[in-house]
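The sequence shown lines up with residues 6 to 227 when you count with the working numbering. Every residue gets a Cβ at the ideal spot worked out from N, C-alpha and C, and that includes glycine. One structure below.
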Amino acid sequence: MLKRISSYAFVLMGLILLNSCKKEYESIQSIDDRKIEDYFAKNNISATKDPKGTGFYYQITSPGTGDLFLNTDSVLYTVTLKSLFNGKTYYTTPPAGNIGNKVGYTSQLQVVAADQSKGIAAVYASFPPISTAIRALKPGGSSKVFLPSYLAFGKNGEDALGVPSNDVLEITIITLTEKSQSALDDKRIQDFMTSKGITNAVRDVTGVYYVVSQVGTGTEPI
6 MLKRISSYAF
16 VLMGLILLNS
26 CKKEYESIQS
36 IDDRKIEDYF
46 AKNNISATKD
56 PKGTGFYYQI
66 TSPGTGDLFL
76 NTDSVLYTVT
86 LKSLFNGKTY
96 YTTPPAGNIG
106 NKVGYTSQLQ
116 VVAADQSKGI
126 AAVYASFPPI
136 STAIRALKPG
146 GSSKVFLPSY
156 LAFGKNGEDA
166 LGVPSNDVLE
176 ITIITLTEKS
186 QSALDDKRIQ
196 DFMTSKGITN
206 AVRDVTGVYY
216 VVSQVGTGTE
226 PI
């Protein structure tokens, strides 16, 4: 009899703990949702709520030109992650860099690069709303995703980025107009040469630019 009562007590305790965890999760969700909605109202922001009801919002700040991106399209883009409320930037694509992928795979984001010499492992984050936002854009467009903590790094945060517990994120996505990485790289090189006043560079068939600073002597090139 005592064994049976103990079993019932154990099951009852488990149900209480499970219900408590569920209530805590729901309260965090409602707190985040209220914070985001209050922020929108205070700053007069008009954003679209995810039609699937997952909890994130997105705002098209510049639609771009051309056709909307499809899942099967390749896209070159940049991403910036920051705190919605204190404005601290946690990650941004390097100025001379970009991300390239099929639109359907843009939810996966490497936010910390591996460095074996320092014993640092790569850190990846999965943000499906990035794909949703890109599909609402055209080349040269930009958008913001407002991501509640329960869809971001949650209660644990992310130490590698300095993201605290339950931080709501603002993700800025910019799609580039270039159709390929080689075209984008070529533009960057030309922009650099223009900024430095380099006018005598020759473009090789491989896409490499070179400048002959001194021809040398002789009748034939080496």
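Got a sec, what are the start and stop residues for the beta strand (DSSP E) Gln-64 sits in?
It spans 62-67 - the beta strand (DSSP E) in which Gln-64 sits, taken as one unbroken run.
For Val-16, count the other beta carbons within 10 Å of its own beta carbon; 16 or more makes it buried, fewer makes it exposed. Which is it?
The predicted model places Val-16 with a pLDDT of 49, which falls under 50 and marks its position as unreliable; any figure quoted below should be read in that light. Classification of Val-16: exposed, given that the 10 Å Cβ count is below 16.
Say whether the stretch 112-121 touches the stretch 30-40, bearing in mind that this needs 3 or more beta-carbon pairs closer than 8 Å, one atom from each stretch.
No, they do not touch.
Helix, strand or coil for Thr-199? Go by DSSP, reduced to three states.
Thr-199: helix per DSSP, three-state reduction.
Taking contact to mean 3 or more Cβ pairs, one atom from each stretch, closer than 8 Å, check whether the stretch 133-149 and the stretch 179-191 are in contact.
A contact exists between the stretch 133-149 and the stretch 179-191.
Could you tell me how far apart the beta carbons of Tyr-62 and Lys-54 are, in whole angstroms, since I believe they sit closer than 8 Å?
The Cβ separation is near 5 Å, so the contact holds.
Since Leu-174 and Gly-60 should fall inside the 8 Å C-beta cutoff, what is the C-beta to C-beta distance between them, to a whole number of angstroms?
The Cβ separation is near 12 Å, so there is no contact.
Assuming Asp-72 contacts Ser-154 under a Cβ cut-off of 8 Å, what Cβ separation, rounded to an integer in Å, is found between them?
Actually they are not in contact, since the Cβ atoms of Asp-72 and Ser-154 sit about 34 Å apart, beyond 8 Å.
By alpha-carbon positions, which one of Gly-105, Val-117, Ser-218 ends up nearest to Gly-167?
Nearest of Gly-105, Val-117, Ser-218 to Gly-167, Cα basis: Val-117.
If I follow the unbroken beta strand (DSSP E) through Ala-130, where does it start and stop?
It spans 128-131 - the beta strand (DSSP E) in which Ala-130 sits, taken as one unbroken run.
Contact defined as beta carbons within less than 8 Å: I believe Ala-52 pairs with Phe-151. What is the distance between those atoms, to the nearest angstrom?
Sure, about 6 Å apart at Cβ, within 8 Å.
What's the C-alpha gap between Ile-50 and Ser-67?
Their Cα atoms are separated by approximately 14 Å.
Let me check understanding here. Comparing Cα to Cα, which of Gly-124, Lys-87, Ile-135 lies closest to Ile-104?
Of Gly-124, Lys-87, Ile-135, the residue nearest in Cα terms is Ile-135.
Compute the Euclidean distance between the alpha carbons of Asp-191 and Thr-98, then round it to the nearest angstrom.
C-alpha separation (whole angstroms): 19 Å.
In the DSSP assignment, the beta strand (DSSP E) including Gln-121 goes from what residue to what residue?
Looking at the DSSP string, Gln-121 is not in any beta strand (DSSP E), and its letter there is neither H nor E.
Assign Glu-225 to one of three DSSP states: helix, strand, or coil.
Coil.
Pick helix, strand or coil for Lys-40, following the three-state DSSP scheme.
Three-state result, Lys-40: helix.
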